[in-house]
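Asker:
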Amino acid sequence: MARNFRYYGKKRGDRRTGSRMLGSVGEMIFYAAFLLLGCVSGAMLFSFIAIPQWRVNNEFVRSTCVVLEKRINETADDDGPQYRPEFRIRYEIDEVTYLAWTYDIHMSHSGSRENAQQILARFAVTEDPNDPIDYYCWYDPTSPEKAVLVRGTSWWIWLVFIVPASFVLIGGGGLIYSVLRWGKSAERRAAMVQHAIQRDLFDANGKTTREFPNVPNGVDITNSPGTTLAYRLPIGASPAWKLLVVLLACVLWNGIVSVFVVIAVGGHLEGHPDWGLSVFLLPFMAVGIALVVFLVRQLMVTTGVGPTTIEISDHPLLPGKQYELLVSQSGRLRVNSLCVSLVCNEQATYRQGTDTRRETRLVHRREIYRREGFEVGRGLPFEARCNLTAPEAAMHSFKADHNEIQWQVVVAGNAAGWGDFQRSFPVILRPAAGNNNT
Amino acid sequence: MTDSLAIIRFDGNGRVYGAGDTLSGEYRFNGVLPAQIKAVEVSVLWYSEGKGDEDMAVHEFWRSGPDEGERIDPSRPAQFTTTLPNCPLSYEGLIVKIRWCVRVRAILHRGKDVVAQKSFRLGGVPAVEVSAS
Amino acid sequence: MNEHGVPQQIENPFATRHVRPGALPYLFSAGENTDELVKRLRNNGWWGQIIGPHGSGKSALLASLAPAIERAGRKTFLVELHDRQRRLPSGFHAGARTNDPLVVIVDGYEQLGRLQRFRLKRFCRRGGLGLLASAHKAAGLPELFQTSANLDVVQQLVERLQAESATKVGAEEVAERFARHGGNVREILFDLYDLYEARRRHA
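Protein chains in written order, with numbering that gives the first Met the number 0: chain A, 0 to 437; chain B, 0 to 132; chain C, 0 to 202.
1. Is L88/B close to chain C, meaning its C-beta is less than 8 Å from at least one C-beta of that chain?
2. I169/A touches chain C at which residues, Cβ-Cβ below 8 Å?
3. Please list, in chain order, the residues of the segment 334-366 of chain A that have any C-beta partner in chain B closer than 9 Å.
4. Please compile the residues from chain C whose C-beta is within a distance smaller than 7 Å of the C-beta of G19/B.
5. As an exercise, report each continuous alpha helix (DSSP H) stretch of at least 4 residues that is fully enclosed by the segment 101-158 of chain C, in chain order.
6. Using only CA atoms, which one of R296/A, I255/A and Y82/A lies nearest to N72/A?
7. Can you tell me whether Q351/A is buried or exposed, with buried defined as 16 or more other CB within 10 angstroms of its CB?
8. Could you name the residues of the same chain whose beta carbon sits closer than 6 Å to that of R357/A, not counting the 5 residues immediately before and after it, in chain order?
9. For a cutoff of 8 Å on Cβ pairs, would you count A431/A as touching chain C?
10. When you compare only the Cα positions, how much space is there between R422/A and T307/A?
11. Determine the extent of the beta strand (DSSP E) in which T308/A is found, giving its start and end residues.
12. Using only the alpha-carbon positions, how far apart do R62/B and L246/A sit?
13. Check for me: the beta strand (DSSP E) holding T227/A runs from which residue to which?
14. Could you have a look at A432/A and say whether DSSP puts it in helix, strand or coil?
15. Please state the DSSP three-state secondary structure of W45/C.
16. Could one say the Cβ of L22/B lies closer than 8 Å to chain C's Cβ atoms, at least one of them?
17. Distance cutoff 8 Å, beta carbons only. Does D54/B sit that close to anything in chain C?
18. Excluding sequence positions up to five away, which residues of its chain have a Cβ less than 8 Å from the Cβ of N43/C?
19. Report back the beta-carbon spacing between P209/B and A115/B to the nearest angstrom; my notes put them in contact at under 8 Å.
20. Output the distance between the C-alpha atoms of R100/B and V41/B, rounded to the nearest integer angstrom.
21. Please name the residue in L4/B, G19/B, S3/B and A5/B whose C-alpha comes closest to that of T80/B.
22. Between the beta-carbon of I7/B and the beta-carbon of N29/B, is there less than 8 Å?
23. For N213/A, which residues of its own chain have a beta-carbon under 8 Å away from its beta-carbon, when the five flanking residues on both sides are left out?
24. The alpha helix (DSSP H) with D77/A in it runs from where to where?
25. Excluding five sequence neighbours on each side, which residues of the same chain lie with their C-beta closer than 8 Å to the C-beta of S109/A?
26. Taking only the alpha-carbon atoms, compute the straight-line gap between E385/A and G51/C and give it to the nearest angstrom.
27. So for L298/A, helix, strand or coil by DSSP?
28. Is the CB of E196/C under 8 Å away from at least one CB in chain B?
29. H180/C to H53/C, Cα distance in whole Å?
30. Quick one, are the C-beta atoms of K69/A and E91/A less than 8 Å apart?
31. Suppose you measure from the CA of P143/A to the CA of G37/A; what does that come to, to the nearest Å?
32. For chain A, find out if any of its Cβ atoms is closer than 8 Å to the Cβ of V95/B; answer yes or no.
33. How big is the Cα-Cα spacing for M43/A and F160/A?
34. Would the beta-carbon of A236/A fall within 8 Å of that of V304/A?
35. Throw me the rounded Cβ distance for the I36/B and I71/B pair, which I believe falls under 8 Å.
36. What's the gap between the Cα of K38/C and the Cα of L23/C?
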């Protein structure tokens, strides 16, 4: 079968069609171009900036000179006027007199006239030849007509190498990566990635990662200590975010609509009503009012229902083991029902063409605790303790690029006057190490 | 070349493996001459299946052959052995499934690779029922 | 279950690995085939567009056309643009530069911004390259083909997918989903995945 040239090696069902070769070649050319650009620009910067400075500091010979004139050299630039201090000096070497306009080896401009003035002020012009004011200067022994009044190392020298260095890193790294991947089978490339992950020196939970690959380490849970039990579970999605989104939408919509409402009302008050505009605005005002009502309701639910917290005696969960939970519900409300469940969801993400599709499916739910008909008072949160037994033979938590298995403790309730509410708290169910589940 | 195929056999054929167990077996190729082989790769890997894009990870990988400085007779059985990891366990979910297999690939100097794979189960996680309990 | 008492690993024929573009050849209605389209594409100077709604098989058709274009003597260079990807991927120009006759295939052409589209066309024109694009609406290229929902074709597709499966999905079930999803083949197949999964577990 004829093969296609594909930029991205693409898996077609359970067979791989198409040659990766040209795609790899294109990739290598791209990275090689970066590397070449970085090397060439780095070499140019080195030869025009770093080397001259080194020669001034190490090879130029010291002499004395007098300053005959001084000026500020001004040029125009896209960034505005640029200034450079210049001094006309006279010096003698082996009974030969040299004259030169100079300051430092780079003769670079800056945008500050004040800086240039300050530099000029440091050197005095010799007015009286019989009373010369001598200064040190340094001349190039290979071409004595070249001399400088100052030397030393400028710190900004090293900053200019950041750009070519980054090109070299990107190009060199990409080229090495492309070469290593050249002609490799999918399994070999995956194996190389696995070895790279296992060598990650910056993974603080490296041991855990290697022992339980593709199981989230749950560090954000064990980093959060509880006040009564060992850990406080972080909430999956805070209701505050939903409130913020609704608030922004409300402000934006009503802000825009109100401008036109003011114009329409103003017309009516002045006796020149614009009925077309007034009628046109009606549905928009209805939406704006609905948003405000929704916002107020969300605000009341969020503040009225109050935060839900869960603490757990240990984490991560191991199959068959029992854990204690402390559930706390704040607010000022009459709760019709409160239910705590252990839930497992599968999540699959599929990208094809311009579509990204994410689907979540519930695969396990077990009720842990239920209470009905009770009051929660202001400043006196409702608390309940219950036991959670991690399922013996269920699938552990799993996370890969496109597929996940997520375990959560879910608190679902119904409060009089507030309706239903639900809060989710992710947990990690780990497989037992070296345990045969059969 | 249409007659070329790879055969994989597990020791304790077909049994379920547990985390930390040793998976061993052998493979060979029929219809492939030694001179045709550039390299042979054996992988123990898992891949996902279902309604999401496929994920894959290699647990163990071996490569042998003339370009690695080794002589290979593809018709003679070659052994492989590995210690299986703790996870991910094989899983028959609703929209996410995880499958383990051993995959052997003969990379030829000319023509298409000869590939075969044989599945095995890691762990005994039961299949998910369609309606959750 | 096998003799060790654990569930068998049964393939669902509607899993993504079996239904993604390229896994199956594109099924035409009567009278059309890939060679005819390639002939039409060649007559247009190797420039063309494939238009159709979501899930109507544009990507699958591109995957089927690519080998046919190769057989006609032109190499192909595929670019897949995903949601909100407004620019061509880095390295595209380096990779597409070739002395061989080439057709650049862009899946999701309308994702590109106007300037990117202009530059792409100019790049292809100057290099003597072909350009074949898929989009949801007309994109300013010669029209090559319009994909559209067709129940008979979907029925054929389903029959092919489940040819070797013990569990089957019936034609009336396919028709019901075709009507429900407005002919979006991708959504129909996802739905059939769930139906198949439920059916084989209760079998």
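Glycine residues also receive a C-beta, built at the ideal position from the N, C-alpha and C atoms.
Answerer: Answer, in terms of the structure:
1. no
2. Result: empty, since nearest Cβ-Cβ is about 10 Å, beyond 8 Å.
3. V342, C343, E345, Q346, A347, T348, Y349, R350, Q351, R356, R357, E358, T359, R360, L361, V362, H363, R364 and R365
4. Within chain C, no residue comes near G19/B; the closest Cβ sits about 18 Å away, beyond 7 Å.
5. 113-126
6. Y82/A
7. buried
8. T348
9. no
10. 7 Å
11. T307 to I311
12. 59 Å
13. Premise fails: T227/A is in no beta strand (DSSP E) and is neither H nor E.
14. coil
15. coil
16. no
17. no
18. P141 and L143
19. Past the boundaries of the shown model lies residue 209/B; chain B is included only from 0 to 132, so the question cannot be answered.
20. A small fix is needed here, since residue 100/B is Cys in this sequence, not Arg. About 11 Å.
21. G19/B
22. no
23. F397, K398 and A399
24. Taken as a continuous stretch (DSSP letters only), D77/A belongs to no alpha helix (DSSP H), as it is neither H nor E.
25. Q81, Y82, R83 and A115
26. Looking at the sequence provided, one finds Cys at residue 385/A rather than Glu. Answer to the nearest angstrom: the Cα atoms are 55 Å apart.
27. helix
28. yes
29. 11 Å
30. no
31. 34 Å
32. yes
33. 10 Å
34. no
35. 6 Å
36. 22 Å
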